Structure formats: C-alpha cells, structure tokens
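First comes the structure, then the notes that go with it.
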Amino acid sequence: MIRRYGEAVKTGIRYKRRPGVYAVLLRGDSILVTHQADPLPEFQLPGGGIDQGEHPIAALHREVIEETGWKIAIRRRIGAFRRFTYMPEYDLWAEKVCTIYLAQPILRLGPPSEPGHSAVWLPVDEALTLLGNAGDRALLARAVS
Numbered sequence: 022m023i024r025r026y027g028e029a030v031k032t033g034i035r036y037k038r039r040p041g042v043y044a045v046l047l048r049g050d051s052i053l054v055t056h057q058a059d060p061l062p063e064f065q066l067p068g069g070g071i072d073q074g075e076h077p078i079a080a081l082h083r084e085v086i087e088e089t090g091w092k093i094a095i096r097r098r099i100g101a102f103r104r105f106t107y108m109p110e111y112d113l114w115a116e117k118v119c120t121i122y123l124a125q126p127i128l129r130l131g132p133p134s135e136p137g138h139s140a141v142w143l144p145v146d147e148a149l150t151l152l153g154n155a156g157d158r159a160l161l162a163r164a165v166s
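Numbering follows this note's numbering, in which position 1 of the sequence shown is assigned residue number 22; successive positions increment by one, without gaps.
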C-alpha cells in the first residue's frame, strides 16, 4: 500500500488516477525546486504527469527540463506516495500517484519552458519547510537522511 499525504478523500467525488514522476535534485546542501506561480504560488519538486504511452523515466526527464531548464542524471528511486486533490488547471479531482527519484542536475539548458514556473535553488533545510505538499517534504527528508 502506498502512503497517502494531504487531504482526506472526499465522499461523493470521483477521482481520476494520475501517475506522475518527480525529482529530488541535490547539489551539495542545496536542492533545485520549481516555483509554480498559478493557481497558487508554491515550491514543488520538479516533475509531473506521465503522458499516455510515455515511459516514466522519459516523462521525468521531460518534466524536469520543462519546469527547471536542467538536464538530469537519475540515481535511484526514493519512494512513492498518493495524494487526493483538486487540480484547477485541469478542472479535475485527481488521485495523484507520485513516484520520487533522487537525481542530480548536470547541465542547465536554459530557463524553464513551462509558463508560470521558475527554477529556484534552496538550502535543503529551507526546502523541508517550504515545499508545498507533505508528500514532497517527507520524500525529501527520506532522501537526505
């Protein structure tokens, strides 16, 4: 069973399962995160949904480039969690199944291409409090412990 973080499941709501992949991108005592401006400003682990027919690792590379502008080298899988949430950008209630990988940023290609995203380097101890969801914070803590 995959641990759930965040809001409780709301009765009477149909959730669509959305598998996604995300990266803990460490360099020294810092982590590269994405800051998403809309719908609510928040710091997040870079990553996102896996497109139909897309391999999860290919999705992770694509999402990290879109949200940070960096190419990465994936080291290992850290773990996974679920969270049930409303995604206003898609007008969708989602059961997000989030798989987290430890990776290293290796080459900055340019700025993020995804609108409303910016790449931000944070000290790991700050990221442990600033990341916008409890699952991201827990898996980051696991990665650095």
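Just so you know, even glycine gets a beta-carbon here, dropped at the ideal spot from N, CA and C. All values reported here derive from a predicted model rather than from experimental measurement.
If you measure between the beta carbons of residue i and residue j, is that distance less than 9 Å?
i           : j           : result
residue 93  : residue 126 : yes
residue 140 : residue 88  : yes
residue 96  : residue 25  : no
residue 77  : residue 40  : yes
residue 52  : residue 145 : yes
residue 90  : residue 129 : yes
residue 58  : residue 121 : no
residue 27  : residue 155 : yes
residue 63  : residue 153 : yes
Among the options, which one has its Cα closest to the Cα of residue i?
i           : options         : result
residue 116 : 70, 78, 55      : 70
residue 159 : 142, 65, 81, 78 : 65
residue 42  : 33, 51, 114, 80 : 80
residue 150 : 44, 31, 54      : 54
residue 107 : 38, 123, 147    : 38
residue 60  : 110, 163, 23    : 110
Just verifying my parser: in three-state terms, what is the DSSP assignment at residue i?
i           : result
residue 140 : strand
residue 23  : coil
residue 123 : strand
residue 163 : helix
residue 99  : strand
residue 158 : helix
residue 30  : coil
residue 71  : coil
Would you say the beta carbon of residue i comes nearer than 8 Å to a heavy atom of the ligand SAH?
i          : result
residue 52 : Only the bare structure without any ligand can be found here, which leaves the ligand SAH out of the picture.
Can you name the residues that DSSP bridges to residue i?
i           : result
residue 55  : 65, 140
residue 113 : 108
residue 152 : 64
residue 131 : For residue 131, which the question treats as bridged, DSSP gives no partner whatsoever.
residue 45  : 123
If contacts are defined as beta-carbon pairs under 8 Å, then residue i and residue j qualify, I think. What distance do you get, rounded to the angstrom?
i          : j           : result
residue 35 : residue 114 : 7 Å
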